[in-house]
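Numbering (our numbering), first residue to last: 3 to 214.
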């Protein structure tokens, strides 16, 4: 029997200025020896690809799904759903899973607007204008609370900006490289131990444990 889910749209949280940028999470292929920190901002298009994060390999892994990104094989890893400081944070990672023998440069994955988005540009609550930059946000991710029969959409600050990472088109992932994203939601209520997590490209991850 299908459960009808009401939609809980979290439009405003006291988080202005707290948009979370994505950051790379896994080291490049073995022929790259250096491991340096990377800022949360996107890597310029002139560089080969995103640099590895010092936390590479330290993120938990809940489940890995196969998919495609820019027609290249990809893996989407759900890392964590955690309630902290009054909000819920979802972390997931996109990996370029190409393992063929072709020229790596030809099989890189470029992050693009709408890759993990809802396909719609948000409206500025003050001016009423469409915010086209919102198309880069990974706001297509949502949570399913089966206990309370609710669907949670990403939080937005007082300016209407998604409190989440961006799929910035200046970032390229070579085969074997990854990029980690974060999305913030309203805090999942006490008593809810698992949720569904829907991520574009990957589909819905079921019965995901909530860390508190």
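Think of the CB as a built atom: it goes at the ideal place given N, C-alpha and C, for glycine as much as any other residue. Note that the coordinates shown come from a computational prediction; the quantities given were computed from them, not determined experimentally.
| Query | Result |
| --- | --- |
| Option in 99, 63 and 84 with minimal Cα separation from residue 179 | 99 |
| Residue 145 vs residue 197 beta-carbon contact at 7 Å | yes |
| Rounded straight-line distance, which links the Cα of residue 214 to that of residue 87 | 10 Å |
| Same chain, Cβ closer than 6 Å to residue 207, neighbours up to 5 away in sequence not counted | 65, 80 and 199 |
| Residue range of the beta strand (DSSP E) that includes residue 147 | 144-147 |
| Buried or exposed by the 16-neighbour rule on C-beta atoms within 10 Å, applied to residue 142 | buried |
| Residue 212 versus 125, 83 and 77, residue with shortest Cα-Cα distance | 83 |
| Runs of beta strand (DSSP E) wholly within the stretch 96-161 (minimum 3 residues, chain order) | 144-147 and 152-154 |
| Inter-residue spacing [alpha-carbon to alpha-carbon] between residue 30 and residue 92 | Residue confidence is low: residue 30 scores 38 on pLDDT, short of 50, so the model does not pin down where it sits. No coordinate-derived value is stated. |
| Residue range of the unbroken beta strand (DSSP E) whose run includes residue 201 | 196-201 |
| Residue 189 (DSSP reduced to helix, strand or coil) | coil |
| CA-to-CA distance, residue 166 to residue 131, given in whole angstroms | 20 Å |
| Beta-carbon proximity list for residue 117, same chain, < 6 Å, skipping 5 on both sides | 169 |
| Cα-Cα separation between residue 105 and residue 205, rounded to whole angstroms | 30 Å |
| Pair within 7 Å by beta-carbon distance, residue 77 and residue 97 | yes |
| Sheet register partners of residue 209 (DSSP bridge) | Residue 209 pairs with nothing; no bridge assigned. |
| Close Cβ partners of residue 139 (< 7 Å) along its chain, the five nearest in sequence each way excluded | 119, 164, 166 and 168 |
| 7 Å Cβ cutoff, residue 210 in contact with chain D | This model lacks chain D altogether, as it is built from one protein chain only. |
| Collapsed DSSP secondary structure at residue 84 in the structure displayed | strand |
| Coarse secondary structure for residue 178, derived from DSSP in three states | coil |
| C-alpha gap between residue 127 and residue 193, whole angstroms | 34 Å |
| Residue 203 vs residue 69 beta-carbon contact at 7 Å | yes |
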